[in-house]
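Notes for the one structure printed next.
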Amino acid sequence: MRFDNKVAIITGSGRGIGRATAELLAAEGAAVVVNGRSAHEVEAVAAAIRERGGRAAALVADIGQVETAEQLVALAVRDFSGVDVLVNNAAVFKTHDFTQDSFAEWMKVLEVNLLGAVRLAKTAAAWMVQNRRAGRIVNVSSVHGFLAENRSSHYDVSKGGLDQLTRTLAVELAPHGILVNGVSPGFVDTAMSVVNGVNELESESFREIYVKRRRIPLARAAQPEEIARVIAFLAGPENTYITGQSIVVDGGLSITF
207 MRFDNKVAII TGSGRGIGRA TAELLAAEGA AVVVNGRSAH EVEAVAAAIR ERGGRAAALV
267 ADIGQVETAE QLVALAVRDF SGVDVLVNNA AVFKTHDFTQ DSFAEWMKVL EVNLLGAVRL
327 AKTAAAWMVQ NRRAGRIVNV SSVHGFLAEN RSSHYDVSKG GLDQLTRTLA VELAPHGILV
387 NGVSPGFVDT AMSVVNGVNE LESESFREIY VKRRRIPLAR AAQPEEIARV IAFLAGPENT
447 YITGQSIVVD GGLSITF
């Protein structure tokens, strides 16, 4: 299998894209470190992987906290003897008014979406370099990283920063055989589609603009598994020459802007 004898850390893997990625990599042979803030969700994913004969460890922790990066890498090394794949997937999103939102709210988003990814990439890459492990890092970004959306400036900025992190680390880590790439989804059918208690994908405006008028040419949101398959390719042995890229997986949404 593609990920036999590989160890993967996946943040935000209690649900959505992260869960789909954890389950796919585990099914393909990887030992997986599952992470998220909900103990119920994280333990459920790890248990489901083990029930199918896979290997999984769980760490309930907020990637926005400074100590979490060290804890995740330490757990991977302790339980599975290393780390080969890092998927920075954890993210938070909410709409806001730029002129009214506090700086503290900005920092909450940046700590999880960008700085948490920086800390974990730094910690994991340092281990890979020291142990001569030619690993893979995949950052889950968004079309918000290069398209501006009203009332989402802190999310957009965090994802734009994550895209630049992908490019910068790809250059710096290439001499060590470490490939760094990103995935930029558009609309995905996950819990993050629920904003202020409303599922955006079920709204009349979404159906009218993105489906009926085909602002998304494929006329639907992605399923988490569709994003996970792209992540698995970038993190897997078939990818030997792609680095520093963010693959857009949005059903054609961004080409209609």
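Using my numbering, read the sequence shown as starting at 207 and increasing by one per residue.
Glycine is no exception: its CB is placed at the ideal position from the N, C-alpha and C atoms.
Use the C-beta contact count for Phe286: other C-beta atoms within 10 angstroms, 16 or more gives buried, fewer gives exposed. buried
Expected contact under 8 Å - CB spacing of Asn294 and Ala327 to nearest Å: 7 Å
Taking the alpha-carbon positions, what's the Asn445 to Thr305 distance? 43 Å
Under three-state DSSP, which class holds Val324? helix
Would the beta-carbon of Arg208 fall within 8 Å of that of Gly235? yes
If you draw a straight line from the alpha carbon of Pro430 to that of Thr227, how long is it in whole angstroms? 8 Å
Where Val266 sits in the DSSP three-state scheme: strand
Would you kindly check if the distance between the Cβ of Ala262 and the Cβ of Val283 is under 8 Å? no
In chain order, which continuous runs of the alpha helix (DSSP H) of length 4 or greater are located wholly inside the segment 342-426? 359-379
Mind checking Lys365: buried by the 16 CB within 10 Å criterion, or exposed? buried
So, Ala438 versus Leu230, is the Cβ gap smaller than 8 Å? yes
Just to confirm before moving on: does the CB-CB distance between Ala267 and Thr329 stay below 8 Å? no
For the pair the segment 308-317 and the segment 355-369, tell me if three or more CB-CB distances fall below 8 Å. yes
Looking at Ala245: is its Cβ nearer than 8 Å to the Cβ of Val238? no
Note down the Cα distance separating Ala214 from Val318, rounded to an integer number of angstroms. 19 Å
Run through the DSSP bridge pairs and tell me what Gly242 is partnered with. Val266
For Phe393, count neighbouring Cβ atoms within 10 angstroms of its own Cβ and tell me buried if that reaches 16, exposed if not. buried
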